[in-house]
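Residue numbers (the working numbering): 18 to 213.
We treat Cβ as the ideally placed atom computed from N, Cα and C, and that holds for glycine.
A quick note: this is a predicted structure, and the numbers were derived from the prediction, not measured.
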């Protein structure tokens with residue numbers, strides 16, 4: 018099971034906000050987080066690698082709240098943020114666009130958490146962030162390549178052979194076109210002569 022559905026829902030939310038209402042998000046939460054249909058989704062999504070799918074689903078829901086697309090009540094905001102943070106602290110960052118370590122949504126999430134949980138979440142995020150100073154200080158260089166003289170002479174001979182082959186083909190087409198022109202002209206001349 019993947020989180021494609023929620024990603025598509027987010028796409029619809031952003032492009033056509035009048036279609037996706039708060040009620041849609043509440044239904045998604047009821048099914049995927051609260052398991053209102055009693056399918057065992059909450060238990061299934063909290064096991065093994067499925068927990069990353071659950072984390073992605075929670076992340077999109079939290080982004081929808083953070084950006085003002087979903088006016089969720091405070092209890093829902095807290096529930097989603099706590100579950101999201103617990104998943105990341107336990108299993109790490111899944112790696113989707115909505116969960117990368119520098120996502121602005123984390124400020125909103127941390128504001129919903131108690132101090133210890135927010136600190137633990139920040140520790141995981143800090144370990145996941147790339148050190149920009151290492152990247153900026155690494156030297157870059159361009160290496161010049163030189164062809165072996167023998168290879169370049171051999172390539173010139175091959176190119177000359179290809180050019181002469183191409184010239185022979187062009188000459189053949191020219192002679193063929195000339196022969197066809199003579200035949201057509203002769204046919205037209207005989208046709209006019211016979212019509213007189």
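Euclidean distance between Cα positions of residue i and residue j
i	j	result
residue 28	residue 84	13 Å
residue 128	residue 114	21 Å
residue 191	residue 32	59 Å
residue 188	residue 25	60 Å
residue 78	residue 131	20 Å
residue 103	residue 125	15 Å
residue 96	residue 143	23 Å
residue 209	residue 195	21 Å
residue 105	residue 98	11 Å
residue 111	residue 74	11 Å
residue 44	residue 22	13 Å
residue 184	residue 211	41 Å
residue 42	residue 60	20 Å
residue 193	residue 186	11 Å
Exposed unless 16 or more other CB atoms sit within 10 angstroms - verdict on residue i
i	result
residue 66	exposed
residue 20	buried
residue 140	exposed
residue 116	buried
residue 202	exposed
residue 197	exposed
residue 46	buried
residue 121	exposed
residue 206	exposed
residue 199	exposed
residue 36	exposed
Neighbourhood of residue i by C-beta distance below 7 Å, restricted to the same chain and skipping five residues each side
i	result
residue 63	71
residue 135	127
residue 86	30 and 34
residue 146	118 and 119
Nonlocal neighbours in the same chain, by C-beta distance under 8 Å from residue i, ignoring five residues either side
i	result
residue 108	68, 69 and 72
residue 138	102, 105, 106, 123, 126, 127 and 130
residue 148	none
Beta-carbon separation (whole angstroms), residue i vs residue j, contact threshold 8 Å
i	j	result
residue 76	residue 101	6 Å
Own chain residues within Cβ distance below 6 Å of residue i, not counting five before or after
i	result
residue 39	87 and 88
Exercise. Please confirm if the segment 78-93 is in contact with the segment 56-64, defined as three or more CB-CB distances below 8 Å between the two stretches.
Key: Inter-segment contact for the segment 78-93 and the segment 56-64 is absent: fewer than three beta-carbon pairs are separated by less than 8 Å.
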